[in-house]
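Undergrad: There's a structure below that I have some questions on.
In my numbering, the protein residues as written are 1 to 224.
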């Protein structure tokens, strides 16, 4: 093989990853699978599109080596091929946020009132949570919490959050997080808890962002 042909082949192989992540829905699939493995049916419900389209997107991601699949009875269960795929999603989003004003504008619209966002550094938040000065709540589905969650976090799925209010003291600051900056669950939790008189803010990090910044996560079934 000539040098030019070899060089073209090298770039072509790397471009396969770029092609695989060129779809907004495929990026959303990567974000969802970064929370833990999920069936095609669950992913279809999350994306609110046709199951055949979801299957086609998953096939493209699988052909690029970004996701793996296993069969469980009649269900096909997908997961990320490795942790670096979650890091790829975080890096792509961060580069886009740096260079695309439209994205920054959309994120500012999502955030709304800046006072709802946590301004504390990750290290400070971790220390405050360790000392019990703040309470971190994970408002994702419980299965995602089991896969990985921030240290000292309590599982309080958004769908069930009002059932957990008795476990939240009014005299402590609450920090809510979900799947990352593009997720609405933590915003919804802040709205509900503020209406009940709680001091609560949103952490824009999800597990992937937390790990990408070099901070540890935990796994297990401990829930509030």
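Beta carbons: idealized from backbone N, C-alpha and C, even for Gly.
Have a look at the DSSP bridge pairing and note the partners of residue 149.
TA: 218
Undergrad: Tell me which residue opens and which closes the alpha helix (DSSP H) that residue 51 is part of.
TA: That run of the alpha helix (DSSP H) goes 51-63.
Undergrad: Hey, out of 130, 118 and 34, whose CA is closest to residue 83's CA?
TA: Of 130, 118 and 34, the residue nearest in Cα terms is 34.
Undergrad: What's the C-alpha gap between residue 87 and residue 208?
TA: 7 Å
Undergrad: Have a look at residue 135 and residue 146 and give me their C-alpha separation to the nearest angstrom.
TA: C-alpha separation (whole angstroms): 18 Å.
Undergrad: What residue range is occupied by the uninterrupted beta strand (DSSP E) comprising residue 72?
TA: 67-72
Undergrad: Quick one: any contact between the region 212-221 and the region 175-193, if contact means 3 or more CB pairs under 8 Å?
TA: no
Undergrad: Could you have a look at residue 1 and say whether DSSP puts it in helix, strand or coil?
TA: coil
Undergrad: What is the rounded straight-line gap between the Cα of residue 13 and the Cα of residue 74?
TA: 33 Å
Undergrad: So residue 138 is in the beta strand (DSSP E); what residue range does that whole segment cover?
TA: 134-138
Undergrad: Give the DSSP-derived three-state secondary structure of residue 38 in the structure shown.
TA: strand
Undergrad: How long is the line joining the alpha carbons of residue 113 and residue 190, rounded to whole angstroms?
TA: 11 Å
Undergrad: CA-CA distance, residue 224 and residue 15?
TA: Unreliable placement is indicated for residue 224, whose pLDDT of 46 sits below 50; the coordinate value is still reported in the next sentence. Approximately 45 Å between the Cα atoms of the pair.
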